[in-house]
Structure formats: C-alpha cells, structure tokens
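Counting along the sequence shown from 1, when you hit position 97 you're at 97 in the numbering used here, and nothing is skipped either side. Where is the CB? At the ideal position from N, CA and C, for every residue including glycine. Since the model is a prediction, treat every value here as computed from it, not as a measurement.
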Amino acid sequence: MTVIDTLIGEREIAARVQGLADEIAAGGPRDLLVVPLLKGSFIFAADLVRALHRAGLQPHVDFLTLSSYEGGLASSGHVRVLRDVESPVRGRDVLIIDDILESGRTLKVARDLLASRGADRVTTCVLLDKPGKRAVPFKADHVGFESPDVFVVGYGMDAGHAHRELPFVGVMREDAT
Ligand code: 5GP
Ligand code: MG
C-alpha cells in the first residue's frame, strides 16, 4: 500500500508563503503581473496571491502552461507553449510562479519568453528548489524551501494526476504491511 509521509506541513507552508509575499512586496513591484505555471503551481499561486494582498499589493494574474520537458538531450527550445498568457507584459513587472525548480529548463523558457515580450523586470518564485538537479544555470529570486532530491506530491503537485489535493507536501512510500 502507498502511504504519503509529510515532508512540509500546512502551518509551515502557510508561514513561509506569507514570508515570500512580504519579500516580494519589499521589492516594490510596479504594475505587477503574476504568472503561475500550470498545472503544478495552482495551489501555491492561489495562496501566494492572497498573501500578496495581505502584503499590500494588487497584482494581476494570468496563466502560462508549458509542455513538460521530456528526455535529457533536447534543448530548452523543445519546451512548447500549450496555453499562453493573454495579458500584455510590455513595461510591466512580471513574477513567474512555479512549484519546483529542478533542471531549470522550464523556468528559463518561461522567463526568456516573457522578457522577450518587453517586460520591464521578470522575477521568479518557487515553492521548492532542488539545487542538485540543475541542467542549466538558474537561480530563482524567491525560494520557499530547499527540497531533498526525492519525488514530492501534494499542495498542487501530482503523480499521474493524483495527490494534487493534499494540503501538505509529502513523499510517497510503499508500506509492505
Ligand atoms: P525543470 O526545472 O526540471 O524544468 O522542471 C521542474 C518541474 O518538474 C516542476 O515544475 C514539476 O512540474 C516537475 N517536478 C520536478 N520534481 C518533481 C517532484 O518531485 N514531484 C512532482 N510532482 N513534480 C516534479
Ligand atoms: Mg511544473
């Protein structure tokens, strides 16, 4: 039977999300457009934009869906846009939100795309960073937690479309009993 052990609990997540929002607000973003990368970041983004409101910001929100990266040899150009943002980005501060920063390919493509459309400043915020897994150099501006190199689920993150609904970040384990 598969059991899911808690890696990061609800209260810890909530406190860190507000901390991230305060950090972002302290940067004084202007005409802020928040762009969550779907699908994995949807719960994190929903909590983060409400925390941004509590921190005194009034961000606009629009969504970007990129194809998940497949294979280890293709260049980052092989990440495709499945659902594009509808909002103009020229001259704005754009904050990209993702669940996990791993190889760095997804966020690099997203950042380059929005920067190429004339955003003033593109910054990134991730819930989890797995720094040991980078394939391209990439540093997120705001990181919730550093993650061990394990496959995590919950708080929006899935395993074959399952477990996104869990209110905590967990790790799957096979229990023989
Ligand atoms: P990368 O930085 O490798 O381009 O993309 C990271 C993406 O891979 C994340 O946004 C997430 O969709 C997926 N991913 C990486 N590690 C995990 C993990 O441990 N669990 C889940 N559910 N997805 C992961
Ligand atoms: Mg993702």
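Using a Cβ-based criterion (distance less than 7 Å to any ligand heavy atom), does residue i qualify as near the ligand MG?
i    : result
E124 : Note on residue identity: the sequence assigns Thr, not Glu, to residue 124. Outside the cutoff, so no.
L128 : no
D158 : no
L82  : no
L37  : yes
Examine the ligand 5GP and report whether any of its heavy atoms sits within less than 7 Å of the Cβ of residue i.
i    : result
S103 : yes
T106 : yes
V152 : yes
G40  : yes
D47  : no
M172 : no
I100 : yes
If residue i sits next to residue j, beta carbons under 8 Å apart, how far is it from one beta carbon to the other, in whole angstroms?
i    : j    : result
G170 : V153 : 6 Å
L33  : D62  : 6 Å
V126 : V85  : The Cβ separation is near 18 Å, so there is no contact.
F151 : L107 : Their Cβ separation, rounded to whole angstroms, is 19 Å, which puts F151 and L107 out of contact at 8 Å.
Looking only at its chain, what residues have a beta carbon closer than 7 Å to the beta carbon of residue i, apart from the 5 residues adjacent to it on each side?
i    : result
D129 : L101, A140, V143, E146, S147
S41  : I97, D98, D99, G156
S67  : V79, R80, L82
A110 : L37, L64, L66, I96
I8   : F145, F168, V169
M1   : D175
D149 : K130, G132, K133
A74  : With a pLDDT of 46 at A74, under the threshold of 50, the predicted position of this residue should be treated as unreliable, though the coordinate-derived value follows. Excluding positions up to five away in sequence, the list is empty.
A162 : none
Flag residue i as yes if its beta-carbon sits less than 8 Å from any beta-carbon of chain B, otherwise no.
i   : result
V17 : Considering every chain present, this structure includes no chain B. It has just one protein chain.
Identify, in the order they occur along the chain, each residue of the same chain with its Cβ nearer than 6 Å to the Cβ of residue i, setting aside the five sequence neighbours on each side.
i    : result
V17  : D47, L48, A51
L114 : V89, V94, V122
V3   : R173, D175
A119 : V89, R92, V94
Near residue i, which residues of its chain fall below 8 Å by C-beta distance, leaving aside the five closest residues on each side in sequence?
i    : result
A25  : L52, A55, G56, L57
S103 : Y69, K133, R134, A135, V136
E10  : P167, F168
Ignoring anything shorter than 3 residues, give me the beta strand (DSSP E) runs that lie fully in the segment 80–151, in order along the chain.
81–83, 93–101, 121–129, 142–146
Secondary structure, beta strand (DSSP E): runs of 3+ residues fully inside the segment 7–80
32–38, 64–66
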